[in-house]
Amino acid sequence: MKKPEKTLVLLPEKCPRNHSCSAVKACPAGALTQIEHLPPVVDVSKCTKCGKCTRRCPKGVFVIK
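With the first letter of the sequence shown counted as 1, position 50 gets the number 49 in numbering that gives the first Met the number 0; the numbers rise by one all the way through.
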């Protein structure tokens with residue numbers, strides 16, 4: 000049986016929405032974007048699931064499941 004593919008999940012309720020997201024800059028694939036101070040948005044077609052965003056965000060907004 001094949002394991003389900005992992006995906007990056009955003010938990011926007013954890014985002015403080017008061018700063019530029021450092022995880023957006025840390026993403027080597029350019030899969031994350033942010034407009035002003037809104038929670039980031041992920042382009043799943045670009046995400047490589049490298050986990051850099053999960054390590055960069057101190058609030059735990061990003062989870063790979």
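Where is the CB? At the ideal position from N, CA and C, for every residue including glycine.
As the structure is a computational prediction, the values presented were derived from the model and not from experiment.
- Excluding five sequence neighbours on each side, which residues of the same chain lie with their C-beta closer than 7 Å to the C-beta of Thr53? Contacts found: Phe61, Val62 and Ile63.
- Over the uninterrupted beta strand (DSSP E) stretch that includes Glu8, give me the two end residues. The question names Glu, but residue 8 is Val in the sequence shown. The continuous beta strand (DSSP E) containing Val8 extends over residues Leu7 to Leu9.
- Query: Where does Val62 fall in DSSP's three states?
  - Reply: Of the three classes helix, strand and coil, the one that applies to Val62 here is strand, per DSSP.
- Item | Local conformation of Val40 per DSSP, three classes | Val40 sits in a strand when the DSSP states are folded into three classes.
- DSSP beta-bridge partners for Thr32? Bridge pairing for Thr32: Val40 [DSSP].
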